[in-house]
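A.B. asks:
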Amino acid sequence: MSLPSPDAQALVLSRALSQRIAQDIAQQGGWIGFDAFMHRVLYEPGLGYYTGPMRKFGAQGDFVTAPELSPLFAQCLAVQVSQWFDQTEPVVVEFGAGSGRLAAGLLDALHELGTPARRYLIIEVSASLRERQRETIAQLAPDRLGVVQWLNTLPAQIDGVVIGNELLDAMPVRVFEIDSGGLLEVGVAINEDGAFAWATCEADQALIDAVKATLSDSPEDLRDESRGDSLNQSMNGPQSAVSSERMDGSAHPASRYRSEIGLQGRAWVETVGRALHRGAMLLIDYGFSAREYYHPQRDQGTLVAHFRHRVHTDVFHLPGLQDVTAHVDFSAIARAGAAAGLDLLGYTSQSRWLINCGLLDRLAALTSAAQAGEQGAAATLDAARTVGAAQTLLSEAEMGELFKVIAFGRGLADDALGFVRGDRRGTL
Ligand SMILES: C[S@@+](CC[C@H](N)C(=O)[O-])C[C@H]1O[C@@H](n2cnc3c(N)ncnc32)[C@H](O)[C@@H]1O
């Protein structure tokens with residue numbers, strides 16, 4: 110795929126980051142895990158994708174998230190949060206607030222529903238995005254800015270509703286490969302041309318245990334004999350001490366099964382889940398159950414990069430200038446929530462969840478007002494745009510089916526509105 114060229118200033122930043130990572134690889138003996146690489150390209154202070162100065166979200170950025178598409182998303186979320194506010198403190202804790210649009214829309218919509226948030230706490234790793242969030246909320250919901258506070262650390266105890274939209278997919282993952290040599294960890298080295306390249310290394314016990322626990326939860330996966338045998342070999346004995354590095358960077362022979370494992374995302378759910386004293390946690394992201402994620406046919410995993418609205422698989426391209434992301438294994442997320450003692454309140458597709466939260470009624474009200482011509486041509490145009498955005502949010506071919514919503518609770522009734530129809534908890 111041909112990708113657009115960034116400007117000279119952006120290239121300088123990317124080269125500086127590449128040099129730092131290359132030095133790190135050299136210092137670590139020629140190899141770093143992919144999770145370390147992903148962490149640096151996304152979060153290196155001042156140079157990472159999320160921590161650097163480039164625009165990320167929206168038409169001028171690299172990808173569009175649901176809250177950027179339409180305020181309808183925040184309005185539907187407000188319906189769910191408002192229901193939970195009857196049972197917990199009217200406090201929202203948003204992780205990874207991006208441009209701040211979701212916060213602005215949610216604060217306004219909660220106010221309109223008569224259940225305003227008393228506090229809206231944002232935990233965001235990127236200092237530049239915090240600034241952007243403040244500006245967005247000041248611009249779009251100035252009357253609500255007073256309740257918003259940015260925190261540097263997780264509160265010891267949370268009473269309220271935790272939310273994260275497209276948060277887990279931005280957390281670094283470890284990459285593994287299974288072939289006739291057993292289980293290997295796939296990381297990053299420098300090839301003869303001085304470029305980043307994939308390279309394998311012996312898997313440590315933590316990775317072996319995690320892969321074993323993850324794959325054994327999805328009975329259909331990797332049943333193919335050669336793969337199953339090699340996985341067992343690796344897990345049972347010292348022959349896992351494979352140390353030969355292979356630099357490939359290109360297509361993988363079909364006999365190798367490669368995928369990733371989101372240990373940081375799981376740890377995050379467990380940690381935040383333990384801090385949740387009374388309330389809910391709602392996470393929205395692209396992904397599937399383990400059974401689908403680790404299906405034998407998905408033998409190249411789900412890692413992709415987003416650059417100027419193109420999705421491609423060269424995750425080494427222009428470090429710091431493109432988003433690098435992996436899908437979410439929601440079965441593992443459900444287990445992490447259970448390990449924190451949370452109740453699973455629901456799991457469904459984004460389209461089903463939005464419909465359960467009243468998206469179609471809102472849309473109908475908007476379009477009938479526009480058809481009645483009560484608000485003039487600008488409102489009609491606005492309604493047409495909203496219908497287009499709703500189509501993207503709901504369509505199976507776009508965000509409606511790939512994106513999922515999972516909710517956990519502690520001390521709440523098991524009647525969350527967003528899951529009244531189409532709950533797929535049983536598939537995790
Ligand atoms: C893909 S963006 C999504 C932004 C926004 N939620 C949206 O939907 O438009 C991921 C966001 O998560 C933030 N992030 C990643 N890891 C985080 C963590 N552990 N804690 C808080 N924020 C995090 C990133 O800086 C970024 O703002």
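Sequence positions in the sequence shown follow the working numbering and run 110 to 537. Each residue gets a CB set at the ideal place from its N, CA and C atoms; glycine is no exception.
1) In chain order, what are the residue ranges of uninterrupted beta strand (DSSP E) at least 3 long that sit wholly in the segment 444-489?
2) If you compare alpha carbons, which of W140, Q137, R129 and F143 is closest to E153?
3) What is the DSSP secondary structure of A125, reduced to helix, strand or coil?
4) Just verifying my parser: in three-state terms, what is the DSSP assignment at M147?
5) Can you give me the start and stop residues for the alpha helix (DSSP H) that H220 sits inside?
6) Find the nearest neighbour of Q137 within the set G296, F416 and V381, judged by alpha-carbon distance.
7) Can the beta-carbon of L238 be found closer than 7 Å to that of A247?
8) If you measure from the CB of I231, is any heavy atom of ligand 1 nearer than 6 Å?
9) Given a threshold of 16 other Cβ atoms within 10 Å of its Cβ, counted over all protein chains shown, does V420 qualify as buried or as exposed?
10) Taking contact to mean 3 or more Cβ pairs, one atom from each stretch, closer than 8 Å, check whether the segment 436-443 and the segment 364-377 are in contact.
11) When you measure from the CB of T262 to every non-hydrogen atom of ligand 1, does any distance come out below 6 Å?
12) Is the beta carbon of Y159 within less than 6 Å of some heavy atom of ligand 1?
13) When the Cα atoms are used, what is the spatial distance from P113 to R124?
14) Using beta-carbon positions only, say whether V150 and G531 come within less than 7 Å of one another.
15) I'd like to check one pair, L511 with Q192: are the Cβ atoms closer than 7 Å?
16) Using 8 Å as the cut-off, can you tell me whether the segment 475-495 makes contact with the segment 156-171, which would need three or more C-beta pairs spanning the two stretches below that distance?
17) Taking 6 Å as the cut-off, is the CB of L238 close to at least one heavy atom of ligand 1?
C.D. replies: To lay it out plainly:
1) Here the runs fully enclosed are 452-458.
2) Position 44 of the sequence shown, counting from 1, holds the residue named residue 153. With distances taken between CA atoms, E153 lies nearest to R129 out of W140, Q137, R129 and F143.
3) As a position in the sequence shown, residue 125 is number 16, starting the count at 1. Annotated three-state conformation of A125 is helix, per DSSP.
4) Position 38 of the sequence shown, counted from the first residue, corresponds to residue 147. Secondary structure at M147: helix, using DSSP grouped into helix, strand and coil.
5) As a working mapping, residue 220 is identified with position 111 in the sequence shown. Bounds of the alpha helix (DSSP H) holding H220 are R210 to E221.
6) The count along the sequence shown starts at 1 and reaches residue 137 at position 28. The shortest Cα separation from Q137 among G296, F416 and V381 belongs to G296.
7) As a working mapping, residue 238 is identified with position 129 in the sequence shown. As a working mapping, residue 247 is identified with position 138 in the sequence shown. No, these two residues do not count as a Cβ contact at 7 Å.
8) Stepping through the sequence shown from its first residue, residue 231 is reached at position 122. In this structure, the C-beta of I231 stays at least 6 Å away from each heavy atom of ligand 1.
9) Here residue 420 refers to the residue found at position 311 of the sequence shown. V420 comes out exposed.
10) The way I'd put it, the segment 436-443 does touch the segment 364-377; three or more beta-carbon pairs between them come closer than 8 Å.
11) Within the sequence shown, residue 262 is the residue found at index 153, counting from 1. It does not: the Cβ of T262 is nowhere closer than 6 Å to a heavy atom of ligand 1.
12) Your numbering for residue 159 matches position 50 in the sequence shown. Y159 has its Cβ nearer than 6 Å to a heavy atom of ligand 1.
13) On the sequence shown, position 4 is the one that residue 113 refers to. On the sequence shown, position 15 is the one that residue 124 refers to. Distance between the alpha carbons of P113 and R124 is about 17 Å.
14) Position 41 of the sequence shown, counted from the start, is the residue given in the question as residue 150. Position 422 of the sequence shown, counted from the start, is the residue given in the question as residue 531. Taking 7 Å as the Cβ cut-off, V150 and G531 do not qualify as a contacting pair.
15) In the sequence shown, the residue the question calls residue 192 occupies position 83. In the sequence shown, the residue the question calls residue 511 occupies position 402. One thing to note: Q192 has its Cβ no nearer than 7 Å to the Cβ of L511.
16) No, the segment 475-495 does not touch the segment 156-171.
17) Residue mapping note: residue 238 aligns to position 129 of the sequence shown, counting from 1. Here the distance from the Cβ of L238 to the nearest heavy atom of ligand 1 is below 6 Å.
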